[in-house]
Amino acid sequence: MYIADPLAPQPLYTHDDNVAFISASLYKLGILAHVESLVDAGTLRYTDTIEIQPEDITDDGSYELAGTVMTVDEALEAMITVSDNGTALAFWRSLGPDNINATMQTLGLGDFHIANDDSDDNTATARVIGRYFTLLAQRKLVSAAASDRMLARLERQQVNDRLPSELPDGTVVAHKTGNLGFATHDAGIIYTPSGPRVVVGMTANGDEEEAIHFLGGLGALVYAAVLEPPANARYRLPVTALAYDAGSTQTLPMQVTNSGTKAWTASGAGSVKLSWDIRDATKKLVSSAPAPIPLPALAPAATSAVNLAFSAPAAVGDYTLTVGLTDANGNALAAAGAATGSFTFHVHVAFLVMSIARVPQLLHRSEATLVVVQYSNLPAAGSDPHAYALFWRAIDPATSKSVASGSSPLGASTGTGSGTFYSVLIAPALRGTYKLAIELREAGKSVSDTQTVTVEIAGPRSYPDDRDSAAQPAPRGTPVPRPSGASPAPRPSPSGTPRGRTPPPTP
């Protein structure tokens, strides 16, 4: 860890900050600085173009197809805000890792290392990443103008499940995440009412979900330490979005940890309460807690389980529920720097059907596969006929983001009957391990619960333009030799796995 005030001569707190970590997608910060130095020098323009080559495409985290041409500005935006791997590798290939490393040396960031080839690793220390963001906050990284451009781009970051996740709404964070199997990172600048704070958290050899919660708590602790609120907390809430029936009453189990320095009492002036509100996709307030919920007495660093009761909105849509502390009198403490926690959920019409879709665990890119759907209509379906369709989303497990979707018609069903549908699913043009979120829809609206399955998407089993993918016919009149009584030997099928470098990290 590395925590610093950019205006102070020494960091506020460090832990193992000189240990070199696999940097995962934090290596893209080096590419960003190098490109901006070229833009400053006039040797590269934002309007110049870069083409994504086949070798730039990875099994996950690449959102463009080979042959895609993008401007430098568009490629930087994708590389930073959604941590796109294809654009990062296109820059790495075209600009050269030695040149990127030379720029980092010139900037005084020599411990930031970009790999030269597959035998090397991208590495960095928390200290050098902290120095990078300190220079940015001081508008001294490359130049003042380049620093402003980089900060604006980093503030548009869309992967916000770590450092920003427990901060008050509206808090500006300029940051970059990194994921690579065993490594989960986030680093950037949190803009607090008392000034900017540089925060770097790099983890290794741990559970990814635990690391995400840790980094969220780290951001909240830094923000709270600056303002010293009367009480503070960390929250453990769902990481993935939930779905509820419109108007239904829900009870959400969650955990609250006293992250302040003072013990909470069960009642009186030292007691703490929990409040919540629900806002729609436009951030308009939809509902809030009728009254703050009393929390139990809790020592610093102690954790308590809490059941949060609320009603889902009546209107279909996406919503965010935010929880926060109040004092004994019900005054919200977020304005004083206390952390908040939030999660998103989707509200849908009451489900009409229960279903189970049976999908093969192995799919082949862009090829059709049979899906068997067993269903049973619920009372809400009534006696009217319903025309169902199968809808699916492919989710990248590293980012929890949807990367592809599709649908296919199933058939009609009437009343409370049950039965089986057969459908064809065209596998998405992806490679690697993904989660498929599957549901039934009618007229575009969800009418069943969402089922999630994990699938492996391999390369296609046949290539129409590949002569080796099919047996070649013998010339007319030429007998095919075969030993008497012997069956023809099976022809080996071509490999569906292309050779190439190890996929780079995802965000």
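Counting from 1265, one number per residue, gives the positions in the sequence shown under my numbering. The beta-carbon is built from N, C-alpha and C at its ideal position, and this holds for glycine as well.
- Of Asp1660, Ala1272, Tyr1277, the smallest CA-CA separation from Met1265 is found for Tyr1277.
- By DSSP's assignment, Tyr1291 forms no beta bridge with any residue.
- Comparing alpha carbon positions, the residue from Glu1430, His1628, Val1464 closest to Pro1724 is His1628.
- It is roughly 27 angstroms from the alpha-carbon of Ile1393 to the alpha-carbon of Thr1335.
- Closest by C-alpha distance to Val1717, out of Asp1425, Leu1689, Ser1347, Ala1621, is Ala1621.
- With respect to Pro1643, Thr1633 sits apart: the two C-beta atoms are not nearer than 9 angstroms.
- The beta carbon of Thr1332 is closer than 6 angstroms to those of Ile1316 in its chain, skipping five residues each way along the sequence.
- In the three-state scheme derived from DSSP, where H, G and I count as helix and E and B as strand, Asp1433 is classed as coil.
- Within the same chain, and ignoring the five residues on either side of Thr1697 in sequence, the residues whose Cβ sits closer than 6 angstroms to its Cβ are Glu1720.
- Residue pairing by DSSP places Gln1638 opposite Ile1620, Thr1684 in a beta bridge.
- Taking all protein chains shown into account, Gly1480 has 16 or more neighbouring C-beta atoms within 10 Å of its C-beta and is therefore buried.
- For the 9 angstroms CB-CB criterion, Asn1522 and Ala1497 form a contact.
- By the Cβ neighbour-count rule, Gly1670 is exposed, with fewer than 16 other Cβ atoms within 10 Å of its own.
- As summarised for the region 1324 to 1367, the continuous alpha helix (DSSP H) elements at least 4 residues long and confined to that stretch are 1336 to 1345, 1349 to 1359, given in chain order.
- Counting other Cβ atoms within 10 Å of its Cβ, His1279 stays below 16 and is therefore classed as exposed.
- Judged by DSSP in its simplified three-state form, Pro1493 adopts coil rather than helix or strand.
- Rounded to the nearest angstrom, the Cβ distance from Ser1647 to Ile1690 is 34 angstroms, too far for a contact under 8 angstroms.
- Within the same chain, Cβ atoms closer than 7 angstroms to the Cβ of Met1518 are found at Tyr1499, Arg1500, Leu1501, Val1570, Leu1572, the five residues on either side in sequence being excluded.
- Rounded to the nearest whole angstrom, the C-alpha separation of Ile1542 and Ala1297 is 39 angstroms.
- In this structure, the CA atom of Pro1649 is about 7 angstroms from the CA atom of Ala1676.
- Just measuring C-alpha positions, the residue of Val1463, Asn1595, Ala1330, Tyr1455 sitting nearest Thr1441 is Val1463.
- For Gly1465, the enclosing beta strand (DSSP E) has its first and last residue at 1459 to 1468.
- Less than 9 angstroms separates the beta-carbon of Phe1376 from that of Ser1287.
- Membership of Tyr1508 in the beta strand (DSSP E) is indicated by the continuous run 1506 to 1509.
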